[in-house]
Every structure is written in C-alpha cells, then in structure tokens.
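Residue numbers (the working numbering): 4 to 370.
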C-alpha cells in the first residue's frame with residue numbers, strides 16, 4: 004500500500020516518443036498525473052519523436068541516449084533505482100518483455116515499488132510474426148507474471164494472455180482514454196487539404212505498416228463506384244508499396260496520400276466515413292477519436308478491441324476480415340445510413356473520457 008500522505012512517484016518507461024498509439028498513451032498518462040499531485044518521471048532510451056514537444060514541463064525527463072533497449076536497460080534500471088519510485092509503468096511491448104526477467108532482482112532492491120506493464124497488442128499474434136516466436140512465447144509464459152499488474156486495453160488482449168500464456172488475476176482491463184478538449188480544439192482548424200464535397204470521402208489515419216493492411220482498403224475501393232474517394236493520412240515502411248499498388252489498380256484519381264499530418268482531426272471532422280482494415284490492433288484510439296467527432300466507422304471485425312468499440316449500426320459497421328467485397332458493401336451501406344452523430348459523440352464521451360479512464364489508472368497506481 005502506497006503512503007497517501009506524500010506524493011506518489013510515478014516513472015514511465017518508453018523507448019521514444021514517436022507518434023504511435025502506445026507512445027501517445029504514455030504521454031497522456033504522464034501529463035495527466037503531473038497535474039494530480041504525483042511526482043512524475045519519464046525515462047526515454049532514445050529521446051526522439053514528435054510527441055516530445057507535447058511532454059509537460061512538470062514531467063522530469065531522463066534521457067538514456069541508447070539506440071536499443073538491450074544496450075540501455077542497465078542504465079535505465081540504475082536511474083529507476085536512484086529515483087526509488089512508488090510505481091514503474093512500462094507501456095511498450097518489447098520493452099515490457101525485456102524488463103520482465105529482471106524484475107525479481109529489481110524487486111529485491113526496491114521492495115516498495117509496484118511494477119506495471121501495459122500490453123499493446125494481441126500477444127500470440129504479435130509473437131507469431133516476430134523473428135523469435137518461440138523465445139518470446141517462453142518469456143511471456145515464464146517471466147511476464149513478474150509484474151505486479153498487467154493492463155490489457157481490450158477484452159481480446161486479456162483473453163489471449165489467459166488462454167495462451169498463463170492464468171492470473173493480475174490483468175486489469177482499462178480501455179484507452181480520449182483527450183476530448185484537445186481533439187475538439189484541433190478539429191476546428193481548417194485542414195491543409197480540402198475534401199471534394201461532390202465525393203463520398205473515406206478517411207484512414209494510421210502508420211503505413213504491415214499490420215494495418217491498407218492494401219485491403221485499395222482493393223475494396225475497386226468494388227465501389229467512382230464517387231468514393233479515399234484519403235490516407237500517415238507514413239511508414241509500406242508507403243511506396245501502397246502507392247505502386249494504387250497505380251496498378253488504376254486508382255490514382257481516387258486515392259490521395261497526405262503523408263504524416265500533425266493534425267488529423269480537422270480531416271476527421273470533415274470526412275464522411277472512417278476506415279480501418281487492420282489484421283489486429285491493441286485498442287485503436289483513432290476509432291475513439293473519429294467517433295468523438297461524430298464520424299462513423301467501417302472496419303474489419305479483427306481482434307484487438309474493434310468489436311468492443313464499434314456497435315453495429317450505432318457508430319459504424321463491421322465486415323469479416325479480410326473480405327474486401329464485404330467491406331465495400333458495408334461502406335456503401337454506411338454511406339446511406341442516417342447515423343445519429345450527436346449520439347455517437349455522447350456515447351463516446353460516456354465510455355472513454357480521460358477523467359473516467361484516468362481514475363481507473365489512479366486506483367491501480369495507489370492501491
């Protein structure tokens with residue numbers, strides 16, 4: 004039990020602050036608790052990333068200047084030992100896994116510290132696609148229980164760990180929050196690129212990487228009439244491949260690549276439908292943000308919180324993964340459905356406001 008007569012000291016661990024969902028979640032948590040009578044620290048292995056500029060000045064930043072987790076872990080643990088915090092919170096999958104085998108030693112050195120991991124993916128799927136699947140499965144099965152608590156973002160994530168790795172009562176289900184004020188404020192800005200109001204404007208916002216399966220969006224577009232236009236916001240290793248595929252499918256006039264945009268919300272506010280074709284997710288905040296702005300979703304019913312977020316016919320529609328023809332039909336159906344956008348916004352705030360979610364984290368940190 005943490006002494007409530009003093010500030011609770013919280014240390015967040017992250018490799019960097021690039022613009023990913025896990026990094027943004029770490030930033031949101033630390034910035035929030037820096038305003039809540041917590042003493043907050045952030046240890047970064049590589050002090051890079053666009054989100055660095057959004058880190059509160061009340062969060063004490065520790066830069067390790069290491070290009071890999073393995074090389075930086077000894078220095079990281081030395082800093083943690085010096086801080087001697089009440090809570091250490093790690094929120095990136097590969098960092099969680101690297102830290103887990105070392106926790107028995109750290110617990111002997113810091114017996115008062117509570118160690119918490121926030122899982123970011125469906126573990127069994129993520130491991131199966133890794134370079135060392137058997138090793139990672141072994142580490143999850145036999146070292147991950149060294150944490151005092153494990154935060155699962157979705158029911159799918161929790162159930163995957165319980166089914167494939169170990170039975171435990173340490174898993175706490177906490178969905179991701181939305182920074183409502185920030186999203187609504189930025190959504191009011193005019194976007195740099197204007198949508199054609201004569202088109203039905205489909206929008207995707209994510210990193211262009213393999214698990215997002217943007218190629219299925221492009222294939223689905225070939226099954227839709229020409230008035231459907233897709234705008235893709237994001238950058239990543241699949242960008243060249245997707246642009247080549249767009250040419251191959253003769254979709255160059257129907258697809259716009261905008262690259263990374265620091266403010267995607269102004270586009271969400273003005274689009275007609277939001278698309279997600281991922282093979283798997285953790286708990287996609289981008290869907291919550293789209294719904295907060297009244298934007299309905301069409302997505303594959305993949306693992307990782309998507310079916311928890313999308314209430315069929317209420318705030319969007321789902322198609323079976325990876326059926327592109329079915330997805331195209333759902334897109335057409337959604338474009339003619341009279342979604343009650345105000346109710347979508349209200350329901351999203353009720354379920355995912357930052358105040359509600361952060362109270363759950365506070366309970367976890369302080370009990």
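All C-beta atoms in this analysis are idealised placements derived from N, C-alpha and C, irrespective of residue type, glycine included.
- Put residue 56 into one of helix, strand or coil per three-state DSSP. helix
- Query: Just the Cα atoms here: how many angstroms apart are residue 66 and residue 46?
  - Reply: 6 Å
- Query: Are the C-beta atoms of residue 115 and some chain D residue less than 8 Å apart?
  - Reply: Note that chain D does not occur in the displayed structure, where there is just one protein chain.
- Who are the Cβ neighbours of residue 30 in its own chain at under 7 Å, not counting the five residues just before and after it? 20, 54, 57 and 58
- Item | residue 290: first and last residue of the uninterrupted beta strand (DSSP E) it sits in | Here residue 290 belongs to no beta strand (DSSP E); instead the alpha helix (DSSP H) covers 288–295.
- Message: Out of 209, 111, 236 and 343, which one is the CA nearest neighbour of residue 296?
- Response: 343
- Is residue 13 helix, strand or coil when you go by DSSP? strand
- residue 13 and residue 36: beta carbons closer than 8 Å? yes
- Inter-residue Cα distance where the pair is residue 368 and residue 115: 12 Å
- Query: With residue 221 and residue 189 assumed to form a contact (beta carbons below 8 Å), what rounded beta-carbon distance in angstroms separates them?
  - Reply: Contact doesn't hold; Cβ gap of about 28 Å is too wide.
- Reduced DSSP category for residue 258 - H, G, I as helix; E, B as strand; rest coil: DSSP places residue 258 within a strand segment (E or B) once states are collapsed to three.
- Item | Backbone CA spacing between residue 180 and residue 62 [nearest angstrom] | 20 Å
- Task: Report the partner residues of residue 204 according to the DSSP bridge assignment.
- Result: In DSSP, residue 204 forms a bridge with 232.
- Taking all protein chains shown into account, do 16 or more other C-beta atoms lie within 10 angstroms of the C-beta of residue 217, making it buried, or fewer, making it exposed? buried
- In the structure shown, what three-state DSSP assignment does residue 164 receive? helix
- Helix or strand or just coil, what does DSSP make of residue 3? Because the chain spans 4 through 370 in this model, residue 3 falls outside it and cannot be assessed.
- Message: Output needed for residue 272: all residues of its chain with C-beta closer than 6 Å, excluding positions within five of it in sequence on either side, in chain order.
- Response: 190 and 296
- Message: If you reduce the DSSP assignment to three classes, tell me which class residue 117 lands in.
- Response: Residue 117: strand per DSSP, three-state reduction.
- Task: With a 10 Å radius around its C-beta and 16 neighbouring C-beta atoms as the bar for buried, classify residue 262 as buried or exposed.
- Result: exposed
- Task: Going by DSSP, name the residue or residues bridged to residue 356.
- Result: Paired residues: 181.
- Across which residues does DSSP place residue 97 in a beta bridge pair? Its beta-bridge partners do not exist; DSSP assigns none.
- Query: Excluding sequence positions up to five away, which residues of its chain have a Cβ less than 6 Å from the Cβ of residue 103?
  - Reply: 146, 147 and 149
- Under the rule that 16 or more other beta-carbon atoms within 10 Å means buried, what is residue 196, buried or exposed? exposed
- Message: Let me make sure I understand the geometry here. Which of 23, 79, 89 and 106 has the alpha-carbon closest to that of residue 124?
- Response: 23
- Message: Using only the alpha-carbon positions, how far apart do residue 169 and residue 144 sit?
- Response: 6 Å
- Message: Is the separation between the beta-carbon of residue 334 and that of residue 205 shorter than 8 Å?
- Response: yes
- Query: Which residues in the same chain as residue 210 place their Cβ atom closer than 6 Å to its Cβ, once the five residues preceding and following it in sequence are excluded?
  - Reply: Counting only Cβ-Cβ distances below 6 Å, and skipping sequence neighbours, we find 237 and 239.
- Message: Taking 8 Å as the threshold (C-beta atoms), are residue 235 and residue 269 in contact?
- Response: no
- Within 10 angstroms of the Cβ of residue 77, are there 16 or more other Cβ atoms? Answer buried if so, exposed if not. exposed
- Query: Are the region 299–319 and the region 272–282 touching by the rule of at least three beta carbon pairs closer than 8 Å?
  - Reply: yes
- Item | Proximity to residue 364 [Cα-Cα], best of 69, 120 and 49 | 120
- Item | Contacting residues, own chain, Cβ-Cβ under 6 Å from residue 202 (five flanking each side not counted) | Beyond the five residues adjoining it in sequence on each side, residue 202 comes within less than 6 Å, by CB distance, of 230 and 232 in the same chain, given in chain order.
- Terminal residues of the alpha helix (DSSP H) in which residue 23 lies: Here residue 23 belongs to no alpha helix (DSSP H), and DSSP marks it neither H nor E.
- Item | For residue 84, three-class secondary structure by DSSP | helix
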